[in-house]
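Working notes, beginning with the structure itself.
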Amino acid sequence: MPRINLFWRTFLLIGVMVLLSHLASWQALRHLNPTSPEQRLAWEISSVVNLTRSALISTEGERRLALLDELAREEGVRIALLEAGDRTTPLPGPGDAKLLEKRLRSLLGPETRIAGRLNGSSGLWISFHIDADQYWLGLRLERWTRQAGPPWWVLIALALLVSAGAGLLISRVINRPLARLASALGRVSSSATPALLPETGPTEIAELNRHFNAMSHELAELENDRAITLAGISHDIRTPLTRLRMEVEMAAIAEADRESMVSDIERIDLIVGKFVEYARSGSTTHEEQIGCIDVAALLQALRDNYAPRIQAGQLSIDLDVQDSLEWRGDSLDLARAMANLIENALRYGHREGEPTRLRIRARRLSMDVRGHATLALDMDPARFSGPWRATGIPEGLLIETSDDGPGVPEEAIERLLRPFTRLAHERNELGASGLGLAIVQRIALRYRGSCSLANQTGGGLLVKLVLPDVAR
7 MPRINLFWRT FLLIGVMVLL SHLASWQALR HLNPTSPEQR LAWEISSVVN
57 LTRSALISTE GERRLALLDE LAREEGVRIA LLEAGDRTTP LPGPGDAKLL
107 EKRLRSLLGP ETRIAGRLNG SSGLWISFHI DADQYWLGLR LERWTRQAGP
157 PWWVLIALAL LVSAGAGLLI SRVINRPLAR LASALGRVSS SATPALLPET
207 GPTEIAELNR HFNAMSHELA ELENDRAITL AGISHDIRTP LTRLRMEVEM
257 AAIAEADRES MVSDIERIDL IVGKFVEYAR SGSTTHEEQI GCIDVAALLQ
307 ALRDNYAPRI QAGQLSIDLD VQDSLEWRGD SLDLARAMAN LIENALRYGH
357 REGEPTRLRI RARRLSMDVR GHATLALDMD PARFSGPWRA TGIPEGLLIE
407 TSDDGPGVPE EAIERLLRPF TRLAHERNEL GASGLGLAIV QRIALRYRGS
457 CSLANQTGGG LLVKLVLPDV AR
């Protein structure tokens with residue numbers, strides 16, 4: 007079951023509370039005023055009819071005419087003689103009108119007639135009698151339409167609509183600072199420097215943003231100090247290493263001892279280089295380094311760098327790149343990530359006594375209507391035996407590398423992406439610092455992408471590198 011984010015949780019909570027308050031108010035109104043609008047209007051109309059009838063009975067001659075004139079002028083009450091040929095139409099509003107007619111007949115008698123129009127004249131017309139004579143009493147139609155009003159469900163719908171709008175607004179106001187903080191934390195986790203958060207608004211939010219801004223500033227200073235320190239360490243170590251190698255090369259010692267010492271020096275140099283590369287993989291990419299990269303050209307250039315090993319039969323690289331494939335990002339980051347994947351395959355992606363066969367497949371990554379990552383070309387899930395997690399990310403680049411090596415133990419797949427993680431048989435490898443895949447993972451995280459590992463059913467390791475485009 008998918009989890010609901012805080013915005014919709016707040017909105018649903020406010021919506022439920024508003025709905026319950028409407029129901030409670032409705033029940034309170036029903037309790038305080040149990041009579042319906044039709045009942046109250048029927049009482050009012052029956053009182054007018056009875057009073058008018060009594061007044062007409064008690065007056066005669068010119069006084070009756072004066073009374074009729076005053077009723078028409080002050081109260082809008084009209085009196086007309088009921089005749090057999092009168093043309094009438096029912097009251098508007100089928101449901102409520104029937105209830106009103108029923109109430110009036112219960113108060114004025116079952117023979118009472120009610121109409122909404124009499125001989126072309128609109129109004130609320132009710133019949134009554136004085137002795138043997140039948141009359142119509144006409145009232146303004148507004149007495150009925152004002153009481154009837156819109157249906158109850160329309161009022162409830164309007165109330166719910168207004169409440170939903172207010173709930174959305176309140177939820178937005180409450181959750182906007184948290185959403186901004188979550189976005190800033192995402193930038194921190196991808197080794198980017200977030201913009202300063204506003205230190206205004208509610209006290210708790212302002213205090214939280216203030217602490218976050220201080221933490222972000224301290225992390226930026228720490229990152230800068232670390233880069234300077236690693237650069238200094240690299241220089242301070244590699245300079246004497248170079249001098250030491252020259253001395254070893256010129257020293258009068260046995261050839262076997264010389265090769266062993268040179269091998270140790272190269273190993274130290276490679277490990278130091280990996281440390282520096284790992285530190286650089288977490289640094290922020292500057293905007294001027296971002297551009298549209300021709301992926302096919304970059305991968306071909308990397309392949310050319312390994313031409314000696316390819317010609318020697320130690321390595322084969324098969325490139326399968328989608329036509330006109332481009333990626334928006336830093337070419338150095340992409341080259342660094344791919345070089346580490348190739349080096350990793352060279353060391354561990356082959357069986358004993360066999361050359362390394364590496365396949366690189368690059369495709370454009372896009373978003374479908376459900377918001378999940380999909381490929382322009384099909385992917386067959388049956389190729390993988392290990393866990394494979396889809397990522398919902400923006401458009402970008404998907405690169406798959408696969409080899410024919412022995413693969414890795416299933417329990418070590420996730421662990422291999424962590425820094426300084428090596429399998430038991432890698433401990434004595436030249437330059438095996440356990441940082442190659444960690445560098446690839448860190449570069450992917452900088453672009454809010456991912457690096458995943460899976461064992462193929464036919465043998466070998468498949469690495470899936472997802473690099474979203476940098477926003478323009």
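Going by our numbering, the first residue of the sequence shown is number 7, and it counts up by one from there. We treat Cβ as the ideally placed atom computed from N, Cα and C, and that holds for glycine.
Which of helix, strand or coil DSSP assigns to residue i
| i | result |
| --- | --- |
| Q320 | coil |
| A388 | In this predicted model, A388 has a pLDDT of only 40, less than 50, meaning its place in the structure is not dependable enough to derive any value. |
| V375 | Low confidence applies to V375: its pLDDT is 35, below 50, so where it sits in the model is not reliable, and the reading given next is rough at best. Reduced to three states, the DSSP call for V375 is coil. |
| T95 | strand |
| V414 | coil |
| V83 | coil |
| P43 | helix |
| G67 | helix |
| I259 | coil |
| P204 | coil |
| H356 | coil |
| A190 | helix |
| L473 | strand |
| L484 | In the structure as shown, the chain begins at 7 and stops at 478. Residue 484 is therefore absent and cannot be evaluated. |
| S330 | coil |
| R309 | helix |
| L184 | helix |
| D137 | coil |
| V301 | helix |
| G335 | strand |
| L467 | strand |
| T16 | helix |
| L403 | strand |
| V22 | helix |
| R119 | coil |
Supposed close pair residue i, residue j - CB separation, criterion 8 Å
| i | j | result |
| --- | --- | --- |
| L325 | R309 | 7 Å |
| I136 | L62 | 6 Å |
| P425 | A444 | 4 Å |
| S337 | R363 | That belief does not hold up - the Cβ atoms of S337 and R363 are roughly 26 Å apart, past 8 Å. |
| S177 | T16 | 4 Å |
| L404 | R369 | 5 Å |
| D92 | N125 | 6 Å |
| V83 | L145 | 6 Å |
| I271 | L304 | Not quite, the Cβ-Cβ distance comes to about 32 Å (not below 8 Å), so this is no contact. |
| V268 | V254 | 6 Å |
| L214 | V194 | L214 to V194, Cβ: 14 Å. No contact. |
| R408 | Q328 | Rather than Arg, the amino acid found at residue 408 in this sequence is Ser. Contact doesn't hold; Cβ gap of about 17 Å is too wide. |
| A2 | P96 | No answer is possible for residue 2: it lies beyond the span of the chain, which begins at 7 and ends at 478. |
Those residues which DSSP pairs with residue i across a bridge
| i | result |
| --- | --- |
| R365 | D324, S408 |
| K104 | According to DSSP, K104 bridges with nothing at all. |
| L124 | T94, S127 |
| L145 | L130 |
| I274 | Paired residue(s): none; I274 is not in a bridge. |
Exposure of residue i, with buried meaning 16 or more beta-carbon neighbours within 10 Å
| i | result |
| --- | --- |
| A48 | buried |
| T209 | exposed |
| S27 | exposed |
| V375 | Because V375 carries a pLDDT of 35, less than 50, the predicted location of this residue cannot be relied on, and no value is offered for it. |
| S222 | buried |
| G398 | Its pLDDT being 43, under 50, G398 is placed unreliably by the model, and the measurement read from it follows with that caveat. With fewer than 16 Cβ atoms within 10 Å of its Cβ, G398 is classed as exposed. |
| C298 | exposed |
| G466 | buried |
| D139 | exposed |
| Q447 | buried |
| K104 | exposed |
| K108 | exposed |
| P387 | With a pLDDT of only 41 at P387, under the threshold of 50, the placement of this residue in the model should not be trusted, and no figure is reported. |
| I449 | buried |
| L71 | exposed |
| I259 | exposed |
| D339 | buried |
| R357 | exposed |
Complete alpha helix (DSSP H) runs within the stretch 438 to 463 (minimum length 4 residues, chain order): DSSP runs (the alpha helix (DSSP H)) wholly in the stretch 438 to 463: 442 to 452.
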